[in-house]
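Sequential numbering from 51 applies to the sequence shown in this note's numbering.
Below is one structure, written out as structure tokens; the observations come after it.
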Amino acid sequence: MLELLTEKFTKAVGRLKETRRLTEKQVNDVLRDVRAALIEADVDYEVVKDLLKRLRERALKEDLKESTSPIDSLLITMYEELVKTLGGEKQELKKGVVLFVGLQGTGKTTTIGKIANYLRGQGHKVAVTSTDVRRPAAMLQLQRLAEKVGVPYYAFEESLSPEDIAKKALEKFKKEGFDYLLVDTAGRLHIDEELMEELKRIKDLLKPSEVLYVADAMQGQIALESARTFHQTLSLTGVVLTKMDGDARGGVALSVRSALGVGVKFMGVGEKIEDIEPFYPDRIAQRILGLGDIQTLMEKAQKVIPEEEAQGLALKVMKGEFDLEDMLKQLRFIRNMGPLDKLLGMLPGIGAQLKGLKIDEKKFKKTEAIILSMTKQERKNPKIINMSRKQRIAKGSGTTVSDVNKVLKEYEETKKIIKRLKGMQGIPSLPKLPFPFKK
Ligand SMILES: Nc1nc2c(ncn2[C@@H]2O[C@H](COP(=O)(O)OP(=O)(O)OP(=O)(O)O)[C@@H](O)[C@H]2O)c(=O)[nH]1
Ligand SMILES: [Mg+2]
51 MLELLTEKFT KAVGRLKETR RLTEKQVNDV LRDVRAALIE ADVDYEVVKD
101 LLKRLRERAL KEDLKESTSP IDSLLITMYE ELVKTLGGEK QELKKGVVLF
151 VGLQGTGKTT TIGKIANYLR GQGHKVAVTS TDVRRPAAML QLQRLAEKVG
201 VPYYAFEESL SPEDIAKKAL EKFKKEGFDY LLVDTAGRLH IDEELMEELK
251 RIKDLLKPSE VLYVADAMQG QIALESARTF HQTLSLTGVV LTKMDGDARG
301 GVALSVRSAL GVGVKFMGVG EKIEDIEPFY PDRIAQRILG LGDIQTLMEK
351 AQKVIPEEEA QGLALKVMKG EFDLEDMLKQ LRFIRNMGPL DKLLGMLPGI
401 GAQLKGLKID EKKFKKTEAI ILSMTKQERK NPKIINMSRK QRIAKGSGTT
451 VSDVNKVLKE YEETKKIIKR LKGMQGIPSL PKLPFPFKK
């Protein structure tokens, strides 16, 4: 997601690499590239105009040119204005009934499963229910998801009307005193009167604390057009952008706030239940500027490896002490976190350059078996692994000497890459302060 913008923004700013002082022409050149990137990314035209106006005013008015490090200042300006465009502060989900609406197939039901899982992980009491009596098996789909997540699904007969289901579900929710009731609704291919009326009646009955519009990011601006119509009838309180994993442009993410006046609250980044992220405008701005999203990366990492271990590993990598034991840890860690490309996108500077890398499960198992067949000493100091040791390791892991050689070679290469990454900075001069800045 957002790769296009990251690539173009990094390139635009990257051209200033050797510059000490910024001329007006250079600022204009960067802004011209930024504008082209935004348009290519399918950002709403008015949004582009507005953002560019703010950037230009600040870049030229404020004494960027006199700043000791003008590129950093330009980056910070871009960062701050992007955050504004993306909606400013992160928006919490208000407790109570959360009604999910949107066109057919945009990901409403899947998103409810994901958000239920997310909220539950945060320690909230969550229940879900569905008023989608139209599509056969729609209710069953949510019920299955609820079982998987481990939250109650309020089941009612499919012969009831959506309004009756809403009423009964609300009663139950109030009685149980849960924090959130997530309510699924039926989708339609196109907006029609009947659907809008039905949703309006459900909304009036439920008096939800949130009405979230679920938009498929891959649809681009079209998604926003229907969102506007929903907004008129239902007064949306926020948007969930789904399928961000399939959308390299990201235009919708930048346009929602200004098009609707409400912000994005979550984004879906895959088909699995964990593939949802709260929408942090500051982190998204960092990603777009190629500064990575270390916070989200660390949050994901903490779920699969204990914090001290993560820090230990990072420290070792920084110091260049990286043995086979560390490589195994890292492989396990990456494997538990999901596809590599999603993670690399969060690393400063390199995200846009590395795409489509994935862990090969079979190869992983083999590597793991080989490393586990080594003695502690061998893992710490792979240099001592001579031919007879290789034969023993191959036998122990049910592999061949050539497999062992491959792992050793991979280890050497990983070590080299780490060295290179250490010496590399994504953007010519990364701001000295760790992102995000808090003013
Ligand atoms: N790649 C990807 N796929 C998603 C995401 N969210 C949902 N999907 C997929 O989109 C498809 C439709 O999802 P549903 O949740 O059934 O959509 P819906 O809006 O409930 O559909 P209706 O109930 O028919 O209106 C499914 O195949 C989901 O797996 C996402 O963030 N990324
Ligand atoms: Mg559905």
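Beta carbons are placed, not taken as given, at the ideal position from N, Cα and C, and that holds for glycine.
{"Query": "Between I323 and N167, which are expected to be in contact by the criterion C-beta below 8 Å, what is the C-beta distance as a whole number of angstroms?", "Result": "5 Å"}
{"Query": "What is the C-beta distance between S62 and V80, in whole angstroms, given that I count them as a contact (C-beta under 8 Å)?", "Result": "Note that residue 62 is Ala in the sequence shown, not Ser. At roughly 5 Å, the Cβ-Cβ gap stays under 8 Å, so A62 and V80 are in contact."}
{"Query": "So does the stretch 228–238 actually touch the stretch 209–220, counting three or more Cβ pairs closer than 8 Å?", "Result": "yes"}
{"Query": "Take V148 as the anchor and find which of I126, S180, D94 has the nearest alpha-carbon.", "Result": "S180"}
{"Query": "Taking 7 Å as the cut-off, is the CB of A188 close to at least one heavy atom of ligand 1?", "Result": "yes"}
{"Query": "Under DSSP, the beta strand (DSSP E) around P328 begins and ends at which residues?", "Result": "326–328"}
{"Query": "Determine the burial state of A267: buried for a count of at least 16 other Cβ atoms within 10 Å of its Cβ, exposed for fewer.", "Result": "buried"}
{"Query": "Helix, strand or coil for L339 per DSSP?", "Result": "coil"}
{"Query": "Can you give me the C-alpha to C-alpha distance between V97 and P202, rounded to a whole angstrom?", "Result": "41 Å"}
{"Query": "Using alpha carbons as the reference points, say which of E462, L101, K430 lies closest to L304.", "Result": "L101"}
{"Query": "Check whether the Cβ of K293 sits closer than 7 Å to any heavy atom of ligand 1, and report yes or no.", "Result": "yes"}
{"Query": "What does the alpha-carbon distance come out to for the pair A419 and L374?", "Result": "12 Å"}
{"Query": "Please tell me whether E324 has its Cβ less than 8 Å away from any Cβ of chain D.", "Result": "Note that chain D does not occur in the displayed structure, where there is just one protein chain."}
{"Query": "My guess is that G318 and M294 are in contact by the Cβ rule of under 8 Å, so how many angstroms apart are they, rounded?", "Result": "6 Å"}
{"Query": "Are at least three pairs of beta-carbons, each pair with one atom in the stretch 274–294 and one in the stretch 148–164, less than 8 Å apart?", "Result": "yes"}
{"Query": "Could you name the residues of the same chain whose beta carbon sits closer than 7 Å to that of L256, not counting the 5 residues immediately before and after it, in chain order?", "Result": "V147, L149, A216, L220, V233"}
{"Query": "I'd like to know whether the C-beta atoms of V264 and K253 end up nearer to each other than 8 Å.", "Result": "no"}
{"Query": "Smallest Cα separation from T449: which of G296, I421, M128, A87?", "Result": "I421"}
{"Query": "Pull up the CB-CB distance for F206 and K218, whole angstroms please, since I reckon it's below 8 Å.", "Result": "6 Å"}
{"Query": "Excluding sequence positions up to five away, which residues of its chain have a Cβ less than 7 Å from the Cβ of F59?", "Result": "V84, A87, I338, L339, G340"}
{"Query": "For D214, verify whether its CB is less than 7 Å away from any heavy atom of ligand 2.", "Result": "no"}
{"Query": "Taking the alpha carbon of A109 as the point to measure from, which residue in L136, R307, Q141, Q76 has its own alpha carbon closest?", "Result": "Q76"}
{"Query": "In terms of residue numbering, what span does the beta strand (DSSP E) encompassing M317 cover?", "Result": "314–318"}
{"Query": "Please classify A188: does DSSP put it in a helix, a strand, or coil?", "Result": "helix"}
{"Query": "Quick one: residues in its chain with C-beta nearer than 7 Å to the C-beta of T464, no 5 flanking neighbours on either side, listed in chain order?", "Result": "M377"}
{"Query": "Figure out for me which residue from I326, S423, E208, D297 has the closest Cα to the Cα of A187.", "Result": "E208"}
{"Query": "According to DSSP, simplified to helix, strand and coil, what is G137?", "Result": "coil"}
{"Query": "Taking the alpha helix (DSSP H) that E247 falls in, what are its first and last residues?", "Result": "243–256"}
{"Query": "I'd like the list of long-range same chain contacts for E175, defined as Cβ closer than 6 Å, with 5 residues on each side in sequence excluded.", "Result": "Checking the displayed sequence, the identity of residue 175 turns out to be Lys instead of Glu. So the list reads F228, D229, once near-sequence residues are dropped."}
{"Query": "For E191, which residues from the same chain have a beta carbon less than 6 Å from its beta carbon, with the 5 sequence-adjacent residues on both sides left out?", "Result": "In the sequence as presented, Glu is not what sits at residue 191; that position holds Gln. Result list for Q191: T159, in chain order."}
{"Query": "Grab me the residues of R70's own chain with a C-beta within less than 6 Å of its C-beta, minus the 5 sequence neighbours each way, in chain order.", "Result": "none"}
{"Query": "Between K158 and ligand 2, is the CB less than 7 Å from at least one heavy atom?", "Result": "yes"}
{"Query": "With DSSP as the reference, label T283 as helix, strand or coil.", "Result": "helix"}
{"Query": "To the nearest angstrom, report how far apart E142 and G313 are at their CA atoms.", "Result": "10 Å"}
{"Query": "Would you tell me roughly how many angstroms separate the C-alpha atoms of K456 and K379, rounded to the nearest one?", "Result": "18 Å"}
{"Query": "In three-state terms, what does DSSP make of G173?", "Result": "coil"}
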